[in-house]
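Q: Those letters in the sequence shown? Residues 852 to 1004, per my numbering, in order. Here it is: the structure, laid out below.
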Amino acid sequence: MENNCIFLGECEDNNLVGAFSLLKFKNVKLLAIGAPICIRHLYFQALDHNYLDRFNFIELSKIDFTFGSHITRVEETARRMATGKNDVILIYLSCMDLVSGTDYDSLIKKLKEENLNLILLKRGPMAKRGQDIRTRLFEIEDEIIKLGGAEYE
């Protein structure tokens, strides 16, 4: 099996361990948000696995973080990424947003009213104190399937 546990899962000996290669769903796109040091590895993994066409990132600067101006960029980027009716935008949040408490619930609600499908995935050391990643990945896969994403590449 090809090692597809990029972005979200955990790998051991190049095999998937309790995780899903969610970008194998044709309609899933990943939007990573955070400090460059926290999300840069995602870009390289997307490059290595030929997922750059469904990957976007927003690097948070000190100014973005201080003033919360990045939420507008997230909104605009999510709209731009959702090119198909059943597209699901997986928003990958790093610690900076978790610590600051950025209000993504309002953004998700607003964009869902516009028929955009968004799912939040909180990662990094600050998120590890909550729900187990494997449990969350099972939930996300179920959400994707319910949103019409059962078709794999």
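Glycine included, C-beta positions come from ideal geometry on N, C-alpha and C. Note that the structure is a prediction, hence the values are computed from the model and not measured.
1. Going by beta-carbon coordinates alone, are Leu969 and Ile942 separated by less than 7 Å?
2. The alpha helix (DSSP H) spanning Leu962 covers which residue range?
3. Go through its chain and collect everything with a Cβ distance to Glu994's Cβ below 8 Å, but skip five positions before and after it.
4. Can you give me the C-alpha to C-alpha distance between Ile996 and Glu910, rounded to a whole angstrom?
5. Give the DSSP-derived three-state secondary structure of Leu893 in the structure shown.
6. Residues bridged to Leu972 by DSSP?
7. How many Å lie between Asp899 and Phe906 at the Cα?
A: In short:
1. yes
2. Residues 955-964.
3. For Glu994, where only same-chain residues beyond five positions count, the Cβ hits under 8 Å are Val939, Ile970.
4. 29 Å
5. helix
6. DSSP lists Tyr943 as partners of Leu972.
7. 12 Å
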